[in-house]
Amino acid sequence: MQNRYTQIQFIAANYSRLQGLREVPVGMLVVFVSVWAMYNHGPTADLTAPLLATAGAALLYWLTGRYYDRAFGRVKQTRQQRNREFISSIVFSVLALLAFWLDAAIQIPVCALGSVFAAALFENFWRATESVRKEAISIFPENFVAAILILVISILPVFGLSWWQAFGMKSQVVSVFMVIGIVIILAGVWGHVRIVRALPVGEA
Amino acid sequence: MTTPFEELANLDKLIHEPSRLALLTALSACDSADFLSLRRLTGLSDGNLSVQLSKLEEAGLVNIQKQFVAKKPSTQIKITKKGGTAIQRHWEQLNTIKQNADAWEDNS
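So the protein sequences, as listed, match chains Y and A.
Mapping to this note's numbering: the first sequence position 53 is 53, numbers consecutive.
Count along the second sequence starting at 1, add 204, and that's the number in this note's numbering.
Here it is as structure tokens:
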């Protein structure tokens with residue numbers, strides 16, 4: 001009996017976070033920008049394509065939000081949850097900027113940006129599963145798996161594995177970014193399928 | 205000394221009813237939820253959900269606000285302080301009963 005109510009409590013506390021399709025446009029944008037960055041370099045690069053892609057992704061993000069509002073309704077987070085999310089996003093945004101500078105300015109064997117992204121995913125997972133610690137991985141697996149995957153590909157170069165070269169790519173950072181985008185898309189779809197299955201349509 | 209069965213019988217029946225227990229558990233985890241989200245979370249029909257929410261509102265455990273959002277009617281439900289305390293105490297009681305039941309089973 002407790003498992004059903006634990007699930008209800010978890011889903012209610014993380015209603016927006018579990019609406020995975022919202023992440024798909026974000027992931028697609030990340031992949032697009034990565035591919036664009038592979039072929040466009042320097043201060044004279046034409047930014048029209050990435051700007052248009054950003055606008056398209058924003059529109060898709062808004063449309064998926066409206067779909068969820070109409071199909072699943074809205075749950076408002078507590079003030080405490082909103083504050084923690086805000087602080088977390090600020091901290092990881094700053095860390096991401098620092099990591100980007102590290103990757104660009106200094107040749108280190110790990111991808112700092114990928115590592116920060118993995119840490120952000122894991123922090124999100126940890127915060128979301130606060131009330132369901134014992135069943136955390138089974139109840140919210142996509143974030144955990146995504147965090148592990150991105151962390152692994154970010155630190156593989158430490159072991160001498162330049163995995164991106166096997167795919168014909170020259171830049172480690174761009175390659176990690178592309179994988180991040182693909183992982184975001186897959187985790188988003190996985191999350192959406194799970195929430196659709198978890199939430200009953202209604203009594204007959 | 206009461207048995208787990210007697211403790212179960214003494215639970216607040218208003219809260220313990222499965223639909224209302226699910227509603228209060230969901231509402232205790234958020235600031236507020238609209239009618240559609242509660243329907244998806246609990247799997248109740250519109251009519252049954254309305255009835256259960258009315259009972260909870262009469263008991264002062266939830267607040268129901270009907271408003272218009274972008275010219276469309278929207279019902280927002282929020283757990284009251286009394287409701288939050290009640291559901292938290294109810295789950296503590298259930299956990300205690302479970303522990304006592306396990307101990308009772310071991311001793312019998």
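Just so it is clear, CB atoms sit at the ideal spot from N, CA and C, and this is done for glycine as well.
Local Cβ density within 10 Å of PHE209/A, reported as buried at 16 or more and exposed below that: exposed
If the cut is a Cβ gap below 9 Å, which residues of chain Y does PHE239/A touch? GLY73
Report yes or no: is there a C-beta of chain A within less than 7 Å of the C-beta of ILE8/Y? yes
Between TYR61/Y and ALA53/Y, what straight-line distance do the alpha-carbon atoms span, to the nearest angstrom? 12 Å
Can you tell me where the alpha helix (DSSP H) with PHE140/Y in it begins and where it stops? Neither: PHE140/Y is in no alpha helix (DSSP H) and is coded neither H nor E.
Excluding sequence positions up to five away, which residues of its chain have a Cβ less than 8 Å from the Cβ of ASN252/A? SER223
Are the region 27–39 of chain Y and the region 66–76 of chain Y touching by the rule of at least three beta carbon pairs closer than 8 Å? no
Is DSSP giving THR48/Y helix, strand or coil here? helix
For ARG155/Y and PHE239/A, I'd like the C-alpha separation in whole angstroms. Looking at the sequence provided, one finds Ile at residue 155/Y rather than Arg. Their backbone Cα atoms lie some 46 Å apart in a straight line.
Assuming contact is defined by CB atoms lying nearer than 7 Å, are ILE195/Y and PHE10/Y in contact in what I supplied? no
Just the Cα atoms here: how many angstroms apart are LEU102/Y and VAL158/Y? 16 Å
Using a C-beta to C-beta distance shorter than 8 Å, which residues of chain Y count as neighbours of LEU225/A? TYR5
So, is the C-beta of ALA13/Y closer than 7 Å to a C-beta in chain A? yes
For LEU245/A, decide whether its Cβ has a neighbour in chain Y, counting only Cβ atoms nearer than 7 Å. yes
Could you give the distance in angstroms between the alpha-carbon of ALA204/Y and the alpha-carbon of ARG197/Y? Any reading at ALA204/Y needs caution, since the residue's pLDDT is 44, under 50, leaving its predicted position unreliable; the model's value is listed next. Those two C-alpha atoms are separated by around 17 Å.
For ASP216/A, which three-state DSSP category applies? coil
Interface flag, THR284/A vs chain Y, CB-CB below 7 Å: no
Just checking, does the region 217–231 of chain A make contact with the region 257–271 of chain A on the three C-beta pairs under 8 Å criterion? yes
So, does the CB of ALA263/A fall closer than 7 Å to a CB anywhere in chain Y? no
Sequence-distant residues of the same chain with beta carbon closer than 7 Å to VAL173/Y, five excluded per side: ASP103, CYS111 and LEU113
From SER236/A, GLN271/A and SER249/A, residue whose alpha carbon lies closest to that of ALA12/Y: SER236/A
Alpha carbon to alpha carbon, what distance is there between GLU135/Y and SER34/Y? 35 Å
In chain D, which residues lie less than 7 Å from THR229/A when you measure between Cβ atoms? The structure shown contains no chain D; its protein chains are Y and A.
What is the residue span of the beta strand (DSSP E) that ASP238/A lies within? 236–238
For the region 16–41 of chain Y, which residues have a beta carbon sitting closer than 8 Å to at least one beta carbon of chain A? none
For PRO109/Y, which of helix, strand or coil comes out of DSSP? coil
Under 8 Å from the C-beta of ARG245/Y: neighbouring residues of chain A: Because chain Y is modelled from 1 through 204, residue 245/Y falls outside the range shown and cannot be assessed.
List, in order along the chain, the chain A residues whose C-beta lies closer than 7 Å to that of LEU209/Y? Residue 209/Y falls outside the range modelled here, since chain Y spans only 1 to 204, and no answer is possible.
Spell out whether any CB of chain A is found under 7 Å from the CB atom of LYS76/Y. yes
Closest residue to SER16/Y among GLN81/Y, GLY56/Y and VAL94/Y (Cα-Cα distance): GLN81/Y
Contact between the region 124–133 of chain Y and the region 142–150 of chain Y is defined here as three or more beta-carbon pairs at a separation below 8 Å; is this criterion met? yes
Where does the unbroken beta strand (DSSP E) through PRO277/A begin, and where does it stop? 276–283
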